[in-house]
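Q: Mind looking over this structure? Questions follow.
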Ligand SMILES: Nc1nc2c(ncn2[C@@H]2O[C@H](COP(=O)(O)OP(=O)(O)OP(=O)(O)O)[C@@H](O)[C@H]2O)c(=O)[nH]1
Ligand SMILES: [Mg+2]
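Numbering (our numbering), first residue to last: 621 to 1203.
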């Protein structure tokens, strides 16, 4: 299925043509039929000669109802422009075409109708020239009469060709369904309709209401009057929703795949049309089926910051249009460049921002986003419409390479400074570093620690952060250990060498000493060495047998054996003797 919206001046025969093509009544309201005028959107569909189904969104032509027209064409990428042969190109022909152009609609077809009343030649030439100058370019044209049916076969054929030229939608994309109608069906509850441009809807799906974030469930699904269990894009769909009163939904609201869209109340955009500086301060932004008031702040010649009265689920690259409801004209087409732009607080920030925006074109630019945002979660970028590439730094965090290098350098400098000021400290705590670097997640720190620094026990430091004096003192003790590995130096010697508790703790952390009790230090491998010596004793053995075998004093043997007990190397028996091996 594909969907086409009508467009054209009031009374030019849009609804008559849709009626003639489909046999369905696009003017749903009694008032519309009484006044012979479309007020709100109408929906109809038919099968074309190829077998394809085309759905029509029939729009009103009267200038008062242009907002309704925009809600209809907003989500539809193809247009059937209708011009009456007897009246030719008229103001709303032009306004509708300007809207299609502003929205960047590239696929269209011209029908010059009411040819039973006048020769189509002039209207045809006029309309083709106008259309050719827009995003639609050269379009096929058909002369028809909705009343006599002349030319309808040619029109069906041309519609088939238009449908075949449309780009294939992505059916795996997340759903963003702009609601164009919402009503209550007795016995079923809330029903909304819309044009599904991408993705797939299934009965049972959970969706998120863009405005409120509320979750709703799809209880039932219809497309073109038929009940379906699932509908792939492109399609006209009607959803029966569970869990929401119809008052919570209205035209312009959107139903979203949960968690997949960023909601913006501030966007930076590129404008095509009036120069940015000429825009009024207040305009209406039309996107999808939504229309919201915006405050306009020009940044560059064609770039603008918009503050939206209501947040919308916008993505980078979205097309929209700005309209001045007072002056009744389309001010310009909008391409969304940034849905989460930085605040402009400092002097000169707006000018700098304009310069950045000048280089952006609305196509998703992962590298550029990283450069601008420096550190960002992949899911967050995807919500903005920028798919991630490459590998994350940690978890789902992506970092700009230059920023990463900069953070590494700062980390190294902070650690070095800390080490200078606290030579015996084990390094800088991870939390302190996260704060200094502005890291939002502790998991980011480990991949930022540059060699030869190491992350150990929640701190980042050098592998051996010992000052030269302490290293020399430890070296002196270790020389003594070479002859008598279990003769711990006496307290006096430690004091004389300047090895206080802090120095000893640092040497232990650096893996240079083992401390078994206050002021009792041994070589770092003393546990394994003692186990080897004790294995040579008859088992079980007493404390004094161990002391003799280890060639040491009680001062050392007692805490050393207790250390061995704790590590399960030795086992203490009820009579205070020990054997090798744990319990
Ligand atoms: N003779 C003749 N009259 C037509 C033809 N098409 C439409 N009309 C008449 O033109 C008038 C307007 O037709 P609609 O189809 O309602 O026009 P519309 O473009 O849908 O108008 P809006 O929706 O209000 O913008 C009606 O009175 C139709 O009967 C045609 O091909 N021949
Ligand atoms: Mg009509």
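Each residue gets a CB set at the ideal place from its N, CA and C atoms; glycine is no exception.
Taking all protein chains shown into account, do 16 or more other C-beta atoms lie within 10 angstroms of the C-beta of residue 1089, making it buried, or fewer, making it exposed?
A: Locating residue 1089 in the chain shown gives position 469, counting from the first residue. The residue is exposed, with fewer than 16 neighbouring Cβ atoms inside 10 Å.
Q: Can you tell me the Cα-Cα spacing of residue 884 and residue 914, whole angstroms?
A: On the chain shown, position 264 is the one that residue 884 refers to. On the chain shown, position 294 is the one that residue 914 refers to. Distance between the alpha carbons of residue 884 and residue 914 is about 12 angstroms.
Q: Can we count residue 735 as close to ligand 1, meaning its CB is less than 8 angstroms from some heavy atom?
A: For the purposes of this step, residue 735 is taken as the residue at position 115 of the chain shown. At least one heavy atom of ligand 1 is nearer than 8 angstroms to the Cβ of residue 735, so yes.
Q: With distance defined between alpha-carbon atoms, name the residue in 653, 1170, 782 nearest to residue 1103.
A: Here the question's residue 1103 lines up with position 483 in the chain shown. Considering only alpha carbons, the answer is 1170.
Q: Rounded to whole angstroms, what is the Cα-Cα separation between residue 696 and residue 916?
A: Here residue 696 corresponds to residue number 76 of the chain shown, with the count starting at 1. Here residue 916 corresponds to residue number 296 of the chain shown, with the count starting at 1. Residue 696 and residue 916: Cα-Cα distance of roughly 26 angstroms.
Q: Using a threshold of 9 angstroms, state whether the C-beta atoms of residue 892 and residue 954 are closer than that.
A: Against the chain shown, residue 892 aligns to sequence position 272. Against the chain shown, residue 954 aligns to sequence position 334. At a Cβ-Cβ threshold of 9 angstroms, residue 892 and residue 954 count as neighbours.
Q: Would residue 1142 and residue 1117 qualify as a contact pair, given that the criterion is a beta-carbon distance under 9 angstroms?
A: Position 522 of the chain shown, counted from the start, is the residue given in the question as residue 1142. Position 497 of the chain shown, counted from the start, is the residue given in the question as residue 1117. No, they are not a contact pair.
Q: DSSP three-state label for residue 986, please.
A: Translated into the one-based positions of the chain shown, residue 986 becomes position 366. Three-state result, residue 986: helix.
Q: Within the same chain, show all residues whose beta-carbon is closer than 6 angstroms to that of residue 822, passing over the 5 residues directly before and after it, in chain order.
A: Residue numbering aside, residue 822 sits at position 202 when the chain shown is read from its first letter. Excluding sequence neighbours, residue 822 sits near 850.
Q: Using 10 angstroms around the beta-carbon of residue 1009, count the other beta-carbons present and answer buried if the total reaches 16, otherwise exposed.
A: Translated into positions along the chain shown, residue 1009 becomes position 389. By the neighbour-count rule (16 or more Cβ atoms within 10 Å), residue 1009 is not buried but exposed.
Q: Beta-carbon within less than 6 angstroms of residue 798's beta-carbon, same chain only, minus the 5 sequence neighbours each way: which residues are those?
A: To locate residue 798, count along the chain shown from 1; it is residue 178. Spatial neighbours of residue 798 in its own chain (CB-CB distance under 6 angstroms, excluding positions within 5 residues in sequence) are listed in chain order as 695, 814, 874, 908, 909.
Q: Determine the contact status of residue 912 and residue 936, defining contact as a CB-CB distance below 9 angstroms.
A: Stepping through the chain shown from its first residue, residue 912 is reached at position 292. Stepping through the chain shown from its first residue, residue 936 is reached at position 316. Result no, Cβ atoms of residue 912 and residue 936 do not sit closer than 9 angstroms.
Q: To the nearest angstrom, how far is the alpha carbon of residue 1186 from that of residue 1177?
A: Along the chain shown, read from residue 1 onward, the residue named residue 1186 stands at position 566. Along the chain shown, read from residue 1 onward, the residue named residue 1177 stands at position 557. So the alpha carbons of these two residues sit roughly 14 angstroms apart.
Q: Assuming the contact rule is C-beta atoms closer than 8 angstroms, residue 1072 and residue 1083 should be a hit. Round their C-beta distance to whole Å, please.
A: Position 452 of the chain shown holds residue 1072. Position 463 of the chain shown holds residue 1083. Yes, residue 1072 and residue 1083 are in contact; Cβ-Cβ is about 6 angstroms, under 8 angstroms.
Q: Within this structure, are the beta carbons of residue 1160 and residue 1199 separated by less than 9 angstroms?
A: Locating residue 1160 in the chain shown gives position 540, where the first residue counts as 1. Locating residue 1199 in the chain shown gives position 579, where the first residue counts as 1. Yes; because the gap between Cβ atoms is below 9 angstroms, this pair is in contact.
Q: With 16 other CB atoms within 10 Å as the buried threshold, where does residue 843 fall?
A: Numbered from 1 along the chain shown, position 223 holds the residue referred to as residue 843. Around the beta carbon of residue 843, a 10 Å sphere encloses 16 or more other beta carbons of the protein chains shown; the residue is thus reported as buried.
Q: Would you identify the three-state DSSP class for residue 685, choosing helix, strand or coil?
A: The residue labelled residue 685 in the question sits at position 65 within the chain shown. Here residue 685 sits in helix by DSSP.
Q: Note down, one range per segment and in chain order, each alpha helix (DSSP H) of at least 4 residues found wholly within the segment 984 to 1042.
A: 986 to 993, 998 to 1003, 1021 to 1041
Q: For my contact list, residue 836 and residue 864 are in at a C-beta cut-off of 8 angstroms; report their separation, rounded to the angstrom.
A: Taking the first residue of the chain shown as position 1, residue 836 is located at position 216. Taking the first residue of the chain shown as position 1, residue 864 is located at position 244. Confirmed, about 5 angstroms.
Q: Going along the chain, which residues put their C-beta within less than 5 angstroms of some heavy atom in ligand 2?
A: This criterion selects 634, 635, 658.
Q: As a quick exercise: from 981, 934, 903, 880, pick the residue whose alpha carbon is nearest that of residue 923.
A: For this step, residue 923 is matched to residue 303 along the chain shown. Minimum Cα distance to residue 923 is reached at 981.
Q: Counting pairs of beta carbons, one from the segment 645 to 655 and one from the segment 681 to 692, are three or more of them closer than 8 angstroms?
A: no
Q: In terms of DSSP beta bridges, what is residue 727 paired with?
A: Here residue 727 corresponds to residue number 107 of the chain shown, with the count starting at 1. In the DSSP output, where bridge partners are listed per residue, residue 727 has 698.
Q: Can you tell me the Cα-Cα spacing of residue 1166 and residue 1125, whole angstroms?
A: To locate residue 1166, count along the chain shown from 1; it is residue 546. To locate residue 1125, count along the chain shown from 1; it is residue 505. Whole-angstrom Cα-Cα distance: 27 angstroms.
Q: May I have the straight-line CA-CA distance separating residue 687 from residue 1023, to the nearest angstrom?
A: Taking the first residue of the chain shown as position 1, residue 687 is located at position 67. Taking the first residue of the chain shown as position 1, residue 1023 is located at position 403. About 46 angstroms.
Q: Can residue 687 be considered in contact with ligand 1, in the sense that its beta carbon sits closer than 8 angstroms to one or more heavy atoms?
A: For this step, residue 687 is matched to residue 67 along the chain shown. False, no ligand heavy atom lies under 8 angstroms from that Cβ.
Q: For my contact list, residue 856 and residue 675 are in at a C-beta cut-off of 8 angstroms; report their separation, rounded to the angstrom.
A: Working through the chain shown from its first residue, we reach residue 856 at position 236. Working through the chain shown from its first residue, we reach residue 675 at position 55. Sure, about 4 angstroms apart at Cβ, within 8 angstroms.
Q: To the nearest angstrom, how far is it from the Cα of residue 948 to the Cα of residue 899?
A: Along the chain shown, read from residue 1 onward, the residue named residue 948 stands at position 328. Along the chain shown, read from residue 1 onward, the residue named residue 899 stands at position 279. Distance between the alpha carbons of residue 948 and residue 899: 14 angstroms.
Q: According to DSSP, is residue 918 part of a helix, a strand, or is it coil?
A: The residue given as residue 918 occupies position 298 in the chain shown. Note: residue 918 maps to strand in three-state DSSP.
Q: Report the option in 700, 757, 744 whose CA atom is closest to the CA atom of residue 726.
A: As a position in the chain shown, residue 726 is number 106, starting the count at 1. With distances taken between Cα atoms, residue 726 lies closest to 757.
Q: Please check the pair residue 703 and residue 747, which I expect to be a contact at CB under 8 angstroms, by giving their CB distance rounded to whole angstroms.
A: Against the chain shown, residue 703 aligns to sequence position 83. Against the chain shown, residue 747 aligns to sequence position 127. Sure, about 5 angstroms apart at Cβ, within 8 angstroms.
Q: Could you give the DSSP three-state label for residue 1082: helix, strand or coil?
A: Taking the first residue of the chain shown as 1, we reach residue 1082 at position 462. Coil, per DSSP.
Q: On the criterion of 16 or more Cβ atoms from any shown chain inside 10 Å, does residue 805 qualify as buried, or is it exposed?
A: Within the chain shown, residue 805 is the residue found at index 185, counting from 1. Per the 10 Å Cβ criterion, exposed.
Q: Spell out the partners DSSP gives residue 771 in its beta bridges.
A: Against the chain shown, residue 771 aligns to sequence position 151. Beta-bridge pairing links residue 771 to no other residue.
Q: Quick one: Cα of residue 1037 to Cα of residue 1080, how far?
A: Counting from one through the chain shown, the residue named residue 1037 turns up at place 417. Counting from one through the chain shown, the residue named residue 1080 turns up at place 460. Roughly 12 angstroms between the two C-alpha positions.
Q: For the pair the segment 730 to 738 and the segment 663 to 679, tell me if three or more CB-CB distances fall below 8 angstroms.
A: Pairwise C-beta distances place the segment 730 to 738 out of contact with the segment 663 to 679, as fewer than three of them are shorter than 8 angstroms.
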